[in-house]
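What follows is a set of notes on a single structure, which appears directly below.
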Amino acid sequence: MVNRGAFIVIEGLDRSGKTTQVATLHTRLEAERIPVKLLKFPDRTTAIGSMIDSYLRSQSELDDRAIHLLFSANRWELATTIEQLLAQGTTVVCDRYAFSGVAFSTAKGLPLDWCRSPEVSLPGPDITLFLDIAPEKARERGGYGEERYEKEELQRKVRSIFSEIAAEFDQKAWVTIDAGRAREAVAEDIWNSVSPLVTGLTYPMQRLW
Ligand code: T5A
Ligand code: NA
13 MVNRGAFIVI
23 EGLDRSGKTT
33 QVATLHTRLE
43 AERIPVKLLK
53 FPDRTTAIGS
63 MIDSYLRSQS
73 ELDDRAIHLL
83 FSANRWELAT
93 TIEQLLAQGT
103 TVVCDRYAFS
113 GVAFSTAKGL
123 PLDWCRSPEV
133 SLPGPDITLF
143 LDIAPEKARE
153 RGGYGEERYE
163 KEELQRKVRS
173 IFSEIAAEFD
183 QKAWVTIDAG
193 RAREAVAEDI
203 WNSVSPLVTG
213 LTYPMQRLW
């Protein structure tokens, strides 16, 4: 029986460097000959994803609950794929996941428990790396302010909800990384956290939450 792949989630505030770090991790895993698949949420390529994309670019309006459920449905669309990849021994690296879903919608004013319920029993990450950065520092990076949620006040609320979510996990399952440093330093911390997991796991896939 092959060991299953690890499910690695990279979370963080907008412009914290998630996409940059996911790409670096991908390159390193390939160099180590570890089978790997990158995923990103929202996955804007599906029919649901195109509704989300239009909402984020302020080209359409949706009730806060409706958009929340679309973000969640966008993960459920890929739940079986994630499960199959892990079972066949492929490591899955995911740029944002259910924690973003809960943090952003709660920051907009929806109750946390309500936000969490559609995420329950999705494939659970083996490790979540949270890229933490002060919103005022993130704002200095390229492209900030183009999409709906890229406002400093909202980002501050999102950051505090992420820290509430973090408190529910032990230090091995949720690792907070200072993302305000140089790319290489952040990448090194990520590698040190994930390298023990990527040679394959023998325990079953987890479920949220
Ligand atoms: N959302 C998402 C929900 O509300 N509910 C959900 O369920 C989900 C999944 C879109 C929005 O949707 C919300 C959250 C978001 O507001 P997205 O598509 O992931 O989510 O957003 P993106 O715009 O693609 O990504 P971000 O804006 O969050 O950027 P990243 O990926 O964190 O940052 P990255 O790597 O693109 O870097 C940003 C810039 O900084 C530079 C990069 O070169 C780039 O210019 N940079 C650095 N500069 C200095 N030092 C470093 N260490 C740097 N690392 C990167
Ligand atoms: Na990104």
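The sequence shown begins at 13 in our numbering and counts up by one. All residues carry an ideal CB built from backbone N, CA and C; glycine is no exception. Just so we're clear, the structure is a prediction, and the values are computed from it rather than from any experiment.
List the residues that DSSP assigns as beta-bridge partners of residue i.
i	result
D190	D144
T103	V48
E152	DSSP output for E152 lists no bridge partner at all.
I139	I20
R219	P135
L213	R16
My assumption, with CB atoms under 8 Å, is that residue i sits in contact with residue j. Please give the rounded CB distance.
i	j	result
K49	R108	In fact, because the Cβ distance is near 15 Å, the residues do not count as touching under 8 Å.
R77	L122	7 Å
P147	R171	7 Å
Q167	D26	6 Å
I60	E89	6 Å
T103	L41	6 Å
Thinking C-beta only, is residue j closer than 8 Å to residue i?
i	j	result
T140	A85	no
G192	I145	yes
L97	G212	no
R219	L134	yes
C127	V114	yes
L124	G24	no
R151	S70	no
G29	V187	no
E131	M217	no
I20	Q33	no
F111	I177	yes
I189	I173	no
E165	Y156	no
I79	V210	no
Ligand 1 heavy atoms versus the CB of residue i: any closer than 7 Å?
i	result
G24	yes
L32	Reading the sequence as shown, one finds Thr at residue 32 and not Leu. Yes, the Cβ of T32 comes within 7 Å of a heavy atom of ligand 1.
D107	yes
E176	no
L68	yes
E159	yes
P54	yes
A194	yes
S112	yes
V198	yes
G136	no
G212	no
R128	no
S28	yes
F181	no
G155	yes
F9	There is simply no residue 9 to check, as the chain begins at 13 and stops at 221 in what is shown.
F142	no
F116	yes
Compare the C-beta of residue i against all C-beta atoms of chain B and say whether one is closer than 8 Å.
i	result
P208	No chain B is part of this structure, which consists of one protein chain only.
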